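Chemist: Top to bottom, those sequences are chains C and W.
Just so we're aligned, residue 2 is where the first sequence starts under the numbering used here, counting upward by one.
Just so we're aligned, residue 1244 is where the second sequence starts under the numbering used here, counting upward by one.
No residue lacks a Cβ here, since even glycine has one placed at the ideal position from N, Cα and C.
On a predicted model such as this, the values are computed, not experimentally measured, just so you know.
One structure, pasted below without further comment.
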Amino acid sequence: MRLFELGERTAKVHESLVTLPELAENTDVRAVLLDIADDPAALKPYLNRLELVVLRFPIFRDGRVFTQARELREYLRFSGEIRAEGHVLPDQAAFLKRCGVDSVVLPEGSDPELWKRQLDRFPVAYQRSVLPSRPVGAGLRIEEET
Amino acid sequence: MSVPVGHYQYDQIDRDFLEARIAEFSEQVARRIDGSLSEDEFKPLRLMNGLYLQLHAYMLRIAIPYGTIDSKQMRMFAHIARHYDRDYGHFTTRQNIQFNWIKLEETPDILRDLATVDMHAIQTSGNCIRNVTSDEFAGAAADELVDPRVHAEILRQWSTLHPEFTFLPRKFKIAISGSPHDRVAARFHDIGILARPGDDGRTVFRIFVGGGLGRTPIIGQEIFDSVPEERLLATLEAIVRVYNAHGRRDNIYKARIKILVQALGIDAYREAVEAELAQMDLEHYRLTPEMVDAIQARFAVPELSAPENAAQELANRQRENPEFDLWVRSNTHPHREAGHIIAVVSLKPAGGIPGDATSAQMDRLADLADEYSFGELRITHLQNIVLGHVRQDRLYDLWSSLKEVDLASANIGLIGDIVACPGLDYCALANARSIPIAQKLGARFGDASLQAEIGALRINISGCINACGHHHAGHIGLLGVDKRGEEFFQITLGGRAENGASIGTILGPALPEDDTVDAIARLVDRYLGIRKDGETFLDTLDRLGDAPFKEAAYETV
Chain C
2 MRLFELGERT AKVHESLVTL PELAENTDVR AVLLDIADDP AALKPYLNRL
52 ELVVLRFPIF RDGRVFTQAR ELREYLRFSG EIRAEGHVLP DQAAFLKRCG
102 VDSVVLPEGS DPELWKRQLD RFPVAYQRSV LPSRPVGAGL RIEEET
Chain W
1244 MSVPVGHYQY DQIDRDFLEA RIAEFSEQVA RRIDGSLSED EFKPLRLMNG
1294 LYLQLHAYML RIAIPYGTID SKQMRMFAHI ARHYDRDYGH FTTRQNIQFN
1344 WIKLEETPDI LRDLATVDMH AIQTSGNCIR NVTSDEFAGA AADELVDPRV
1394 HAEILRQWST LHPEFTFLPR KFKIAISGSP HDRVAARFHD IGILARPGDD
1444 GRTVFRIFVG GGLGRTPIIG QEIFDSVPEE RLLATLEAIV RVYNAHGRRD
1494 NIYKARIKIL VQALGIDAYR EAVEAELAQM DLEHYRLTPE MVDAIQARFA
1544 VPELSAPENA AQELANRQRE NPEFDLWVRS NTHPHREAGH IIAVVSLKPA
1594 GGIPGDATSA QMDRLADLAD EYSFGELRIT HLQNIVLGHV RQDRLYDLWS
1644 SLKEVDLASA NIGLIGDIVA CPGLDYCALA NARSIPIAQK LGARFGDASL
1694 QAEIGALRIN ISGCINACGH HHAGHIGLLG VDKRGEEFFQ ITLGGRAENG
1744 ASIGTILGPA LPEDDTVDAI ARLVDRYLGI RKDGETFLDT LDRLGDAPFK
1794 EAAYETV
């Protein structure tokens, strides 16, 4: 497994990773894998002990991952690591980061250089995300912390 | 022309962003060509850059935000038509332009050319928030409450490469109007927004969700009556977030927001959106007056002044020239400023292809915009071109110039102002060709006096049930169907997109192309025979129902 870090946070390898239904019985586990159809709000009782939430793309076109990540960060104020895995493209790197994802399990054959290039592609954004930002010029445009 | 009026002016920051986007797309094309991107992976990426694969070639759809361009941008379209296509372009029902004969490897060059005039093809396709449409008479119409283009631009910016909403279940279309006369078909959009002035001097928004045409035509329902300006973006984030999380992804024909709104019911959808808003940091998403004013400041406004006798001059010319008078009656709209008028240039010449323009016509329109309307042009959702700020005393000269290039058809809002999808001539999805029957109908009713006599009557033609020609919303709608390999057309009556939106009902069995044209001719004759004074086609239909029309249409069949 190759991990790619989207921001400052260091990606941490966890020995045991359980699914949402398994979480209640495994009180010592600190990492959970959310299904694409799971509601992140179901993690509420466990947030204090969780260090990692893994979100899984069944296919890169399934954009629910982005909303799951934002709900974790913005509604649940989850401060641990969020990771994306599954079928994901480098072209999605900045979107993931801006929705609060910290790391990606690189699919086989991925070029980390391309991921890095995609991450740094755009100098500004036209809407707020979960990242801290400052306005650039006038209007909606912002520069985000990298 | 110094500073273009009517649209947001880019600065270096916006241009750098566009350049980065082109660099990204060039790399994506290269990765597709070297095989590191599969076609399945490349497809959504190219679609988000407006590049479709049609029946015979690639098609590039270029974004015209809120339908407004300047003459320099129009000349760039002419250049693209000449250099990269077959010397013409096609203006679409979403106020964009598309070129139908594009080579994949030339698209980065086209995008670079476009960027020199601050244009792009971002989000003109794909399962993302599409280019935002607006009222073609914005900032000019006498009946307008608020110029919706400033907020349309805000929505364009907000939706551009939105990190959360770029891989939605399906495409997502937003329209915004600032007039009590809905010229954007607000209730046939995923989100339709009607702007009006609020008590505090800021703008307030009435929002509809879940409207749409396509296979399952549904009229949008009101989700909020009065959203304050500072809450606009938060509210849209919440509406789209509920859709992104819960919209169906198992069946593309059930994936639009309209299906979700129908499944949940509008009240439950509203509650879900309110639950999102209750959890959101509203300050974080606040659209401040400063942001709005800063964007407004990037819109130049025309300095209007007309001589005292402008209206009189126009009236004199109309009296002298009946042909001009006919054109003025159908192809103009009242302007908010005395001595001015809004002129609509029809791209529907009798027997022509609706919405097409040659490079020579585009160049000429650009010149006329410079000469008569501050260099500004608007594309209408009925695929015509608007010159928004023409002096009344100069309208005759404008009309004379339009006549020289065959752009003076007097048929706006009349039976010749046909909307047709590209159909089987271009589209891989179509069952039937939409263009030939549009041409035949246009020719049949080509005479300007006859069209004036018939009055307001809109024909919409779709080549398949995906309904890109909006046949459900046509006063007369035609839907192409395949019957054992032959092209047939199903007729619907009574659709309308404007205030009091409704969906047309099927008249009877589908007919072959030529029989359909004859049936419509009989149906129109019947209307002329039975209408009361002052009644439009829709009025007569509403009064008598479709029985007399059904009888006329199927008379000889």
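Pop quiz: Ile1749(W) and Ile1702(W) are said to be a contact at Cβ under 8 Å. What is the actual Cβ separation, rounded to whole angstroms?
Modeler: Not quite, the Cβ-Cβ distance comes to about 16 Å (not below 8 Å), so this is no contact.
Chemist: May I ask you to report which of helix, strand or coil DSSP gives Ala1266(W)?
Modeler: helix
Chemist: Pick out whichever of His1718(W), His1432(W), Ser1677(W) has its Cα sitting closest to the Cα of Asp1757(W).
Modeler: Ranking His1718(W), His1432(W), Ser1677(W) by Cα distance to Asp1757(W) puts Ser1677(W) first.
Chemist: Can you have a look at Thr1403(W) and say buried or exposed, based on whether 16 or more other CB atoms are within 10 angstroms of its CB?
Modeler: buried
Chemist: Using C-beta distances below 7 Å, list every residue in its chain close to Leu1766(W), excluding the 5 sequence neighbours before and after it, in chain order.
Modeler: Phe1792, Ala1795, Ala1796
Chemist: Using a C-beta to C-beta distance shorter than 8 Å, which residues of chain W count as neighbours of Asp124(C)?
Modeler: Checking the displayed sequence, the identity of residue 124(C) turns out to be Pro instead of Asp. The answer, in chain order, is Ile1256, Asp1259, Phe1260, Ala1263.
Chemist: Where do the N-terminal and C-terminal ends of the beta strand (DSSP E) with Thr1783(W) fall, by residue?
Modeler: No beta strand (DSSP E) holds Thr1783(W); the alpha helix (DSSP H) holding it covers 1780-1787.
Chemist: Bridge partners for His1333(W) per DSSP, in chain order?
Modeler: Gln1341(W), Asp1599(W)
Chemist: Look up Trp1570(W) in the DSSP assignment and say whether it is helix, strand or coil.
Modeler: helix
Chemist: Go to Asp1356(W), then tell me how far its alpha helix (DSSP H) extends in each direction, as first and last residue.
Modeler: 1350-1358
Chemist: Note down, in chain order, each residue of its chain lying with its Cβ closer than 8 Å to the Cβ of Met1523(W), except the 5 sequence neighbours on either side.
Modeler: Ala1477, Glu1480, Ala1481
Chemist: Can the beta-carbon of Val1662(W) be found closer than 8 Å to that of Ile1704(W)?
Modeler: yes
Chemist: Quick one: measure Cβ to Cβ for Glu1619(W) and Gly1631(W), integer angstroms, because I've assumed they're closer than 8 Å.
Modeler: 6 Å
Chemist: Specify the secondary structure class of Phe1732(W) as computed by DSSP and reduced to three states.
Modeler: strand
Chemist: I'd like to know if Ala94(C) contacts chain W, where contact means its C-beta is closer than 8 Å to some C-beta of that chain.
Modeler: Ala94(C) does not count as touching chain W.
Chemist: Hey, could you find the ends of the alpha helix (DSSP H) Lys1501(W) is sitting in?
Modeler: 1500-1507
Chemist: Step through the CB atoms of chain C and report whether any lies within less than 8 Å of the CB of Asn1374(W).
Modeler: no
Chemist: Among Gly1490(W), Val1485(W), Leu1547(W), Ser1616(W), whose alpha-carbon lies nearest the alpha-carbon of Leu1520(W)?
Modeler: Val1485(W)
Chemist: Would the beta-carbon of Leu1288(W) be found less than 7 Å away from any heavy atom of the ligand GTP?
Modeler: For the ligand GTP, the structure offers nothing, since it holds no ligand at all.
Chemist: On the CB-based measure, 16 or more other CB atoms within 10 Å of its CB, does Met2(C) come out buried or exposed?
Modeler: exposed
Chemist: Mind checking the segment 1274-1289 of chain W against chain C and listing, in chain order, the residues whose C-beta falls within less than 7 Å of any C-beta there?
Modeler: Glu1284, Pro1287, Leu1288
Chemist: Let me see if you follow: with CB-CB separation under 8 Å, is Ser80(C) close to chain W or not?
Modeler: No, because no Cβ of chain W sits closer than 8 Å to the Cβ of Ser80(C).
Chemist: According to the Cβ coordinates, are Pro1391(W) and Ala1381(W) closer than 8 Å?
Modeler: The answer is yes: Cβ separation under 8 Å.
Chemist: Between Glu1407(W) and chain C, is the shortest Cβ-Cβ distance under 8 Å, so that the two count as touching?
Modeler: yes
Chemist: Just the Cα atoms here: how many angstroms apart are Ile1312(W) and Val1544(W)?
Modeler: In this structure, the alpha-carbon of Ile1312(W) lies about 14 Å from that of Val1544(W).
Chemist: Leaving aside the five residues before and after Gln1635(W) along the sequence, list all residues of the same chain whose C-beta is less than 6 Å from its C-beta, in chain order.
Modeler: Close CB contacts of Gln1635(W) within its chain, under the 6 Å cut and outside five residues either way in sequence, are with Ala1553, Ala1554, Leu1557, Gly1582, Ile1584 (chain order).
Chemist: Beta-carbon within less than 6 Å of Leu1650(W)'s beta-carbon, same chain only, minus the 5 sequence neighbours each way: which residues are those?
Modeler: Val1588
Chemist: Name the DSSP beta bridge partners of Ile1749(W), please?
Modeler: Thr1735(W)
Chemist: If you draw a straight line from the C-alpha of Gln1561(W) to the C-alpha of Ile1495(W), how long is it?
Modeler: 52 Å
Chemist: Can you pull the chain W neighbours of Thr68(C), defined as C-beta to C-beta under 7 Å?
Modeler: Glu1407, Arg1484, Asn1487, Ala1488
Chemist: Could you check the C-alpha separation between Gln1875(W) and Arg1304(W) for me, to the nearest Å?
Modeler: In the structure displayed, chain W extends from 1244 to 1800; residue 1875(W) sits before or after that span and is not available.
Chemist: Please confirm whether Leu53(C) and His15(C) have their CB atoms less than 8 Å apart.
Modeler: yes
Chemist: Pick from Trp1344(W), Thr1336(W), Ala1603(W), Pro1471(W): whose alpha carbon is nearest that of Arg1318(W)?
Modeler: Ala1603(W)
Chemist: Which ranges does the alpha helix (DSSP H) cover as unbroken runs of at least 4 residues, wholly within the segment 1625-1659 of chain W, from first to last along the chain?
Modeler: List check, alpha helix (DSSP H) in window: 1638-1647.
Chemist: In chain C, which residues lie less than 8 Å from Phe1342(W) when you measure between Cβ atoms?
Modeler: Taking a Cβ-Cβ cut-off of 8 Å, Phe1342(W) has no neighbours in chain C, whose nearest Cβ is about 24 Å from it.
Chemist: Within the 8 Å Cβ cut-off, does Ala85(C) reach chain W?
Modeler: It does not; no Cβ of chain W falls within 8 Å.
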